[in-house]
Amino acid sequence: MTWKTPLTGALALGLAVAGWQALRPEPVLTHGRITTSILFNREVSQIFQKKCFQCHTEANVSMSLTTYKDARPWAVAIKEEILEKKMPPWSAVTGYGHFSNDVSLTAREVSLITSWADGGAPSGVLLADEDKPAVIIPSLSGWEHGEPNTLVAVAASEKVAADSKDRTARIEVATGLTQAKWLSSLQLNFADRRVVRYAAVYELRTGQWLGTWSPTHAVSAMPAGVAIQLPAGGRVAIEIGYRGTFEEASGAGELGLYFSADKPAQIAPPLEIKAPLVTVVAGKTRERVRTELTLKSATTAAALWPSLGAGATSVEVTALRPDGVVEPLLWLKDYRPDWPSSYVFKEPVTFPAGTRLTVTAYYDNPGTTPLRAQLALSVTAFTPLLRVATARQTSRPAASPAP
Ligand code: HEC
Numbered sequence: 129m130t131w132k133t134p135l136t137g138a139l140a141l142g143l144a145v146a147g148w149q150a151l152r153p154e155p156v157l158t159h160g161r162i163t164t165s166i167l168f169n170r171e172v173s174q175i176f177q178k179k180c181f182q183c184h185t186e187a188n189v190s191m192s193l194t195t196y197k198d199a200r201p202w203a204v205a206i207k208e209e210i211l212e213k214k215m216p217p218w219s220a221v222t223g224y225g226h227f228s229n230d231v232s233l234t235a236r237e238v239s240l241i242t243s244w245a246d247g248g249a250p251s252g253v254l255l256a257d258e259d260k261p262a263v264i265i266p267s268l269s270g271w272e273h274g275e276p277n278t279l280v281a282v283a284a285s286e287k288v289a290a291d292s293k294d295r296t297a298r299i300e301v302a303t304g305l306t307q308a309k310w311l312s313s314l315q316l317n318f319a320d321r322r323v324v325r326y327a328a329v330y331e332l333r334t335g336q337w338l339g340t341w342s343p344t345h346a347v348s349a350m351p352a353g354v355a356i357q358l359p360a361g362g363r364v365a366i367e368i369g370y371r372g373t374f375e376e377a378s379g380a381g382e383l384g385l386y387f388s389a390d391k392p393a394q395i396a397p398p399l400e401i402k403a404p405l406v407t408v409v410a411g412k413t414r415e416r417v418r419t420e421l422t423l424k425s426a427t428t429a430a431a432l433w434p435s436l437g438a439g440a441t442s443v444e445v446t447a448l449r450p451d452g453v454v455e456p457l458l459w460l461k462d463y464r465p466d467w468p469s470s471y472v473f474k475e476p477v478t479f480p481a482g483t484r485l486t487v488t489a490y491y492d493n494p495g496t497t498p499l500r501a502q503l504a505l506s507v508t509a510f511t512p513l514l515r516v517a518t519a520r521q522t523s524r525p526a527a528s529p530a531p
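The numbering of the sequence shown is our numbering, which starts it at 129 and goes up by one.
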């Protein structure tokens with residue numbers, strides 16, 4: 129399944145390039161002295177491939193950084209953005225939870241890029257090759273886990289106006305399922321990635337969070353053996369964050385659903401921790417909103433989806449275990465409302481019954497009208513999977529005969 133853009137290939141690409149060229153910094157005409165051995169075509173492009181190309185390629189949400197010609201004019205801006213931790217956008221503080229979808233740069237990656245930028249930003253190739261990518265550019269369309277079992281068209285007629293500000297659209301669609309199915313994973317694909325920041329999918333009847341798409345994390349998958357039951361004739365609600373580009377663009381997409389054929393070992397029930405609505409008066413800063421939930425039974429958490437609404441500046445999620453141990457699960461210190469993301473644990477975390485999960489967020493209201501702070505945290509959670517007994521455990525020595 130390939131996407132057809134409203135404008136045909138070359139023309140659409142031409143316009144996209146023209147748009148970013150308008151923002152491109154003045155080219156550096158006098159190449160300074162090269163004082164580094166770090167090269168764009170060796171170290172730098174490999175880091176960009178892992179941490180930047182999800183967003184910085186042609187026809188994507190931001191300007192291309194795939195070739196030396198594309199990236200060189202941005203060298204100083206790149207250094208500044210990464211030192212200020214503005215790029216790549218990732219709000220979680222390192223060390224509070226370990227996430228598989230973390231796109232933040234390691235200290236080594238930061239130092240390689242800064243040495244490159246400070247040392248004259250050399251390419252490492254002949255002039256003639258400076259407009260060729262040094263590494264493979266990942267495909268932006270297509271299904272990472274193969275053809276989905278079910279495809280649902282989403283926001284087919286949605287248009288995103290030129291230069292429009294951030295807005296959230298909520299769209300409800302039927303899954304078209306004629307019998308209940310076990311959802312193991314989902315992915316979204318958008319017709320025009322330039323205008324989509326994130327998308328969160330919920331089962332409509334229960335309100336259960338099913339997964340969140342972001343440019344850096346396209347597939348939301350349950351751990352092996354875990355699934356969510358989707359009813360026959362059900363509907364899903366999809367919340368999509370749009371921001372306009374320099375021309376009107378399509379906001380349409382496709383939702384791909386993947387089902388497990390067998391009954392899963394564990395069913396993930398809805399788990400949402402929601403704070404009562406708090407009104408933040410005009411001009412108030414650092415208004416604290418806090419909510420908590422005590423787990424009635426042992427629970428394993430695989431992913432978190434904080435939904436903070438307008439005005440949030442930070443959020444912290446912690447677990448207080450019955451033995452008194454406090455475990456920080458997530459801390460978004462300088463929360464980036466323009467880049468909502470889910471947080472998928474590298475290793476799902478298991479809590480005993482009686483563990484208290486607390487969510488604390490701070491809100492600012494710089495406006496002139498009251499702001500309603502809407503804080504919620506959805507969790508992909510399930511009963512801990514039973515460990516399959518290993519051969520060593522089962523082959524006990526035969527009871528020795530009585531003396
Ligand atoms: C999740 C998407 C995403 C990722 C990943 C990402 N960027 Fe960006 N970047 C953007 C967007 C979008 C903009 C345009 C400004 C905005 O809307 O925030 C931008 C802007 C920039 C800018 C220009 C700021 C200016 O001066 O206008 C630089 C430089 C930059 N990014 C570098 C990087 C580098 C280097 C990486 C990887 C280490 C990276 N970005 C990863 C989305 C991303």
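Every residue gets a Cβ at the ideal spot worked out from N, C-alpha and C, and that includes glycine.
So, does the segment 280-298 touch the segment 189-197, judging by three or more C-beta pairs under 8 Å? no
Would the beta-carbon of E444 be found less than 7 Å away from any heavy atom of ligand 1? no
Is P343 near ligand 1, in the sense that its beta carbon is under 7 Å from a heavy atom of that ligand? yes
Within the segment 335-412, ranges of the beta strand (DSSP E) (whole runs, at least 3 residues): 337-341, 347-349, 354-358, 363-370, 381-387, 400-402, 406-408
Is the segment 245-253 touching the segment 490-499, taking contact as three or more C-beta pairs under 8 Å? no
Please report how far the alpha carbon of G372 lies from the alpha carbon of T422, in whole angstroms. 41 Å
For the segment 378-395 against the segment 301-311, do three or more pairs of beta-carbon atoms, one drawn from each stretch, fall closer than 8 Å, so that the two count as touching? yes
Residue ranges of each alpha helix (DSSP H) within the segment 173-212, 4 or longer: 173-179, 196-199, 203-211
Contact between the segment 258-273 and the segment 326-335 (3+ Cβ pairs under 8 Å): no
In angstroms, rounded to a whole number, what distance separates the CA positions of D492 and A220? 19 Å
Could you pull the DSSP bridge partners for G223 from this structure? G225
Residue from P465, R200, E331, R170 with nearest C-alpha to G361: E331
Unbroken beta strand (DSSP E) run spanning A426, endpoints: No beta strand (DSSP E) contains A426, which DSSP labels as neither H nor E.
Taking Cβ positions, are L233 and I206 nearer each other than 8 Å? no
Alpha-carbon spacing of A389 relative to K287, whole angstroms: 37 Å
On the criterion of 16 or more Cβ atoms from any shown chain inside 10 Å, does K179 qualify as buried, or is it exposed? buried
Who are the Cβ neighbours of M129 in its own chain at under 6 Å, not counting the five residues just before and after it? Since pLDDT at M129 reaches only 38, below the 50 mark, its modelled position is unreliable, and the value read off the structure follows with that caveat. If we look at M129 and ignore the five residues flanking it on each side, it has no Cβ neighbours.
Taking C-alpha atoms, which residue in R322, L513, G437, G369 lies nearest to A187? R322
Which partner residues does I299 have in the DSSP bridge list? I366
Identify which residue in F479, F318, K260 has its Cα closest to the Cα of V454. F479
Can you give me the C-alpha to C-alpha distance between P465 and Q357, rounded to a whole angstrom? 31 Å
Assuming A429 contacts F473 under a Cβ cut-off of 8 Å, what Cβ separation, rounded to an integer in Å, is found between them? 7 Å
In this structure, does DSSP put N317 in helix, strand or coil? strand
Check whether L505 and V445 have beta carbons under 8 Å apart: yes
E444 by DSSP, collapsed to three states: which one? strand
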